[in-house]
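In order, the protein sequences belong to chains A and B. In this text, residue positions in the first sequence follow UniProt numbering: the first is 1, and each later residue adds one. In this text, residue positions in the second sequence follow UniProt numbering: the first is 1, and each later residue adds one. The beta-carbon is built from N, C-alpha and C at its ideal position, and this holds for glycine as well. Computed from a prediction, not measured in an experiment: that's the story for all the values here. Okay, so here's the structure we're looking at.
2 protein chains.
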Amino acid sequence: MVKMSDVAKLANVSTATVSRVLRFPETVKEETRLKVLKAIDDLEYQPNILARQLRRNETNTILVVVPNIMNTVFLGIIEGIEAEASKNNYKVLLGNTNNEVDNEYGLIDLLKQKQTDGMILFSARMERKRLLELCENHPVVLTMDYIDGLKIPSVSIDNISSSRKAVQHLISLGHTRIAHISGPFKYASSKDRYKGYEQAMLHNDLKIDSMLVQEGLFTFESGYNQMLKLLAMEHPPTAIFAANDEMAMGVIKAAKERGLNVPNDLAVVGFDNISFSSIFDPALTTIAQPVYKMGELSMRLLLDQIRGNSQMKSQYILESDLVIRESCGGRETS
Amino acid sequence: MVKMSDVAKLANVSTATVSRVLRFPETVKEETRLKVLKAIDDLEYQPNILARQLRRNETNTILVVVPNIMNTVFLGIIEGIEAEASKNNYKVLLGNTNNEVDNEYGLIDLLKQKQTDGMILFSARMERKRLLELCENHPVVLTMDYIDGLKIPSVSIDNISSSRKAVQHLISLGHTRIAHISGPFKYASSKDRYKGYEQAMLHNDLKIDSMLVQEGLFTFESGYNQMLKLLAMEHPPTAIFAANDEMAMGVIKAAKERGLNVPNDLAVVGFDNISFSSIFDPALTTIAQPVYKMGELSMRLLLDQIRGNSQMKSQYILESDLVIRESCGGRETS
DNA sequence: CTGAAAGCGCTAACAG
DNA sequence: CTGTTAGCGCTTTCAG
Numbered sequence: 001m002v003k004m005s006d007v008a009k010l011a012n013v014s015t016a017t018v019s020r021v022l023r024f025p026e027t028v029k030e031e032t033r034l035k036v037l038k039a040i041d042d043l044e045y046q047p048n049i050l051a052r053q054l055r056r057n058e059t060n061t062i063l064v065v066v067p068n069i070m071n072t073v074f075l076g077i078i079e080g081i082e083a084e085a086s087k088n089n090y091k092v093l094l095g096n097t098n099n100e101v102d103n104e105y106g107l108i109d110l111l112k113q114k115q116t117d118g119m120i121l122f123s124a125r126m127e128r129k130r131l132l133e134l135c136e137n138h139p140v141v142l143t144m145d146y147i148d149g150l151k152i153p154s155v156s157i158d159n160i161s162s163s164r165k166a167v168q169h170l171i172s173l174g175h176t177r178i179a180h181i182s183g184p185f186k187y188a189s190s191k192d193r194y195k196g197y198e199q200a201m202l203h204n205d206l207k208i209d210s211m212l213v214q215e216g217l218f219t220f221e222s223g224y225n226q227m228l229k230l231l232a233m234e235h236p237p238t239a240i241f242a243a244n245d246e247m248a249m250g251v252i253k254a255a256k257e258r259g260l261n262v263p264n265d266l267a268v269v270g271f272d273n274i275s276f277s278s279i280f281d282p283a284l285t286t287i288a289q290p291v292y293k294m295g296e297l298s299m300r301l302l303l304d305q306i307r308g309n310s311q312m313k314s315q316y317i318l319e320s321d322l323v324i325r326e327s328c329g330g331r332e333t334s
Numbered sequence: 001m002v003k004m005s006d007v008a009k010l011a012n013v014s015t016a017t018v019s020r021v022l023r024f025p026e027t028v029k030e031e032t033r034l035k036v037l038k039a040i041d042d043l044e045y046q047p048n049i050l051a052r053q054l055r056r057n058e059t060n061t062i063l064v065v066v067p068n069i070m071n072t073v074f075l076g077i078i079e080g081i082e083a084e085a086s087k088n089n090y091k092v093l094l095g096n097t098n099n100e101v102d103n104e105y106g107l108i109d110l111l112k113q114k115q116t117d118g119m120i121l122f123s124a125r126m127e128r129k130r131l132l133e134l135c136e137n138h139p140v141v142l143t144m145d146y147i148d149g150l151k152i153p154s155v156s157i158d159n160i161s162s163s164r165k166a167v168q169h170l171i172s173l174g175h176t177r178i179a180h181i182s183g184p185f186k187y188a189s190s191k192d193r194y195k196g197y198e199q200a201m202l203h204n205d206l207k208i209d210s211m212l213v214q215e216g217l218f219t220f221e222s223g224y225n226q227m228l229k230l231l232a233m234e235h236p237p238t239a240i241f242a243a244n245d246e247m248a249m250g251v252i253k254a255a256k257e258r259g260l261n262v263p264n265d266l267a268v269v270g271f272d273n274i275s276f277s278s279i280f281d282p283a284l285t286t287i288a289q290p291v292y293k294m295g296e297l298s299m300r301l302l303l304d305q306i307r308g309n310s311q312m313k314s315q316y317i318l319e320s321d322l323v324i325r326e327s328c329g330g331r332e333t334s
């Protein structure tokens, strides 16, 4: 391992000068600089970043905590984070909690031990108190999720108005018996998506039949099963708003099996715009979150905090889009 | 920032003792140990891992270099890597090359600068010479891919025999005009999958019609487009072996649009068993790679190298499975 | 513009 | 079983 002192010796300068050439080249006389650069080259010197980090007390690394890697929505965000991070010379550590709160706690130690300069969380299942304390002492941003009342920098969409938009679309197409297959209500986003459904219905003077609201698990199978339940009703719904695309696909599968044609006999809207929603047959009408942008922005907010120019801890809400494809039939008429 | 010396002072011992309590508790008298632990607790001391890393010259971090994060096959492997890594107290850094060789080179510096203890590569597009040199000086394993002739530790499946198995299945179902939509031939895996197709055909005395082999791009659209070409032939094929699932889905979409029924009028086999292939209608018959296991094994091989007990640099080839679903019709009869 | 020197916080011989 | 001590390799004052 060739080290800085070797370079210094070869170039007949002090290590301080070598260090300067590396970090502030303009402060070194050209002649000396060239000498040093030549020595670096000759020796194929690579600085030991660990030592630098210890000295400077920063790692240029951030931690991304995901509940589940295999989710393409999360992945889109990670892609954005990674892009913005490497643009700023930051590396990203990946932490998978597998939906276990305990793993969240374990990952937090990386921050406390100064192994990363900051952290981006995809969901905050841990105790509020601990989270708050964490945010006060370290750069943290929450993405995809947000916590009411707490002023934690976060980036998300407005799940309520997005869902409202989705349901409103169904209503505009003339549907009145609209069912909702929600996500598990323990997630804030599931509650919000339900609220949006509710608001759109009430706003159009449609009453909400509690039979028409079924709690799913965000999985294909749960969408399929809940749809079967709905189809068994005396007056089944003519349209479904599913809280994510996987469940929407399950819904469509169940409908197809019962001989129903989507969209002619049943209209379906999903949520997330996962990559397969355009490939699925029929292609899914769904709400698209600006995932890449959310990732970039999250990283930028984090950098702001790390660099200390955090104008103020802020919460961003980005626009979502209703992507109209085939699963609801004719375009909006209103 | 409370440091080790603070703990030492409070507990009335030397820093050496504190260090021992942390790393080799059994070598410290219980009484002293408890005193130290209490001090650690009282001060909420968190060791500065950076300093430890510098001193021990190891990071407990490995780097995973992926060509493209948004690929669920890669993701399955990453999941396995991550699981095995965290079981061994290793962290994983994520590097996305976006399919740019230059980014590969950039990421390699992390290894050279001792920022990670080892590296798992998903594809090796860089120059052979550089790769070889890298492997000689650092722990590296190649996964999903392998390089003929070079003895680089790697974990992969046998693409040739897997494809042979897929095509043999179609032949067993009575098909003789079988087309292949390959991946870009610049990838070794594409070539191998083609070879498997060729071998199965020749083995069954079926001649290969070069018109029946079309090079795709591993994308849904390319599968769709190449299928349209095939359908325009005077004697179109009755079965398709696509080099990945996305293309297989494109194939099916094109077939459906032309009024063909899959599997009745056309049998299709894919490759990869991405999660969506079971949801797709018709559910895809495809080759499944043991991705999670590949990830685990890759990580284990890497750890072996890092820890120096690398019995020998070895290349592992895991078994793949033909998953029979709906897209080929009736079960194998042979 | 450059060099000397003092650490960053921890670990690991080596003594005792 | 515990303390002393000498660094890991780099950065950064402070002088010159």
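- A/Leu110 and B/Leu322 have their C-alpha atoms roughly 42 Å apart.
- Excluding residues up to 5 positions away in sequence, Asn96 lie with their Cβ nearer than 7 Å to the Cβ of B/Ile69 in the same chain.
- Proximity of chain A to B/Leu22 at the Cβ level (cut-off 9 Å) is not reached, the minimal Cβ distance being about 12 Å.
- Fully contained in the segment 116-192 of chain B are the following beta strand (DSSP E) runs of length 3 or more, in chain order: 118-121, 140-143, 154-157 and 178-182.
- Judged by their CB atoms, B/Leu93 and B/Leu63 are nearer to each other than the 7 Å cut-off.
- Under the Cβ distance rule, B/Asp281 counts among the residues neighbouring chain A, one pair being separated by less than 7 Å.
- Here DSSP, grouped into helix, strand and coil, assigns A/Tyr292 to helix.
- Here DSSP, grouped into helix, strand and coil, assigns A/Ala85 to helix.
- In the three-state reduction of the DSSP assignment, A/Tyr90 falls in the coil class.
- Contacts with chain B (Cβ-Cβ distance below 8 Å) from the segment 67-80 of chain A involve Ile69, Met70, Thr72, Leu75, Gly76, Ile78 and Glu79, listed in chain order.
- In the DSSP assignment, B/Thr61 falls within the unbroken beta strand (DSSP E) covering Thr61 to Val66.
- The segment 267-274 of chain B makes no contact with the segment 299-308 of chain B; the number of CB pairs closer than 8 Å stays below 3.
- CA-to-CA, the gap between A/Asn12 and B/Lys151 works out to about 42 Å.
- Listed by position along chain B, the residues whose Cβ is nearer than 8 Å to that of A/Val92 are Leu93 and Leu94.
- In this structure, A/Met299 sits near A/Glu84, with a CB-CB distance shorter than 7 Å.
- The beta carbon of A/Met211 is closer than 7 Å to those of Met233 in its chain, skipping five residues each way along the sequence.
- Proximity of B/Ala51 to chain A, defined by a Cβ-Cβ separation below 7 Å, is satisfied.
- Membership of A/Phe241 in any alpha helix (DSSP H) is not indicated; the residue belongs instead to the beta strand (DSSP E) covering Ala239 to Ala242.
- A Cβ-Cβ distance of about 5 Å is found for the pair A/Ser154 and A/Gln315, placing them in contact under the 8 Å criterion.
- Neighbours of B/Glu104 in chain A, taken as residues at a C-beta separation under 8 Å, are lacking, since the least C-beta distance is about 13 Å.
- Proximity of A/Asn48 to chain B, defined by a Cβ-Cβ separation below 7 Å, is satisfied.
- A/Gly308 has no beta-bridge partner at all, per DSSP.
- Taking a C-beta distance under 7 Å as the contact criterion, B/Met249 and A/Ile279 qualify as a contact pair.
- As computed with DSSP, A/Gln214 is found in a beta bridge with A/Ile181.
- If the five residues before and after A/His175 are omitted, its C-beta is found closer than 7 Å to the C-beta atoms of Thr238, Ala239 and Ala267, all from its own chain and listed in chain order.
- The beta-carbon distance between B/Asn89 and B/Asn48, rounded to whole angstroms, is 17 Å. This is too long to meet the 8 Å contact definition.
- Excluding the 5 residues flanking it on each side, A/Met4 has same chain C-beta neighbours closer than 6 Å at Thr15 and Val18, in chain order.
- Within chain A, the C-beta atoms nearer than 7 Å to that of B/Phe276 come from Phe276, in chain order.
- For the pair A/Ile81 and A/Ser320, the CB atoms are not nearer than the 7 Å cut-off.
- Against A/Lys112, the close residues of chain B are Gln46, in the order they occur along the chain (beta-carbon pairs closer than 7 Å).
- Using a Cβ-Cβ cut-off of 7 Å, A/Gln115 counts as an interface residue toward chain B, since at least one Cβ of chain B sits closer than that to its own.
- For A/Gly250, the enclosing alpha helix (DSSP H) starts and ends at Asp245 to Glu257.
- At a C-beta separation below 8 Å, A/Thr59 has these neighbours in chain B: Leu50.
- The three-state secondary structure of A/Asn96, taken from DSSP, is strand.
- In the DSSP assignment, B/Ala16 falls within the unbroken alpha helix (DSSP H) covering Thr15 to Arg23.
- At a cut-off of 7 Å between beta-carbon atoms, A/Met126 makes no contact with chain B.
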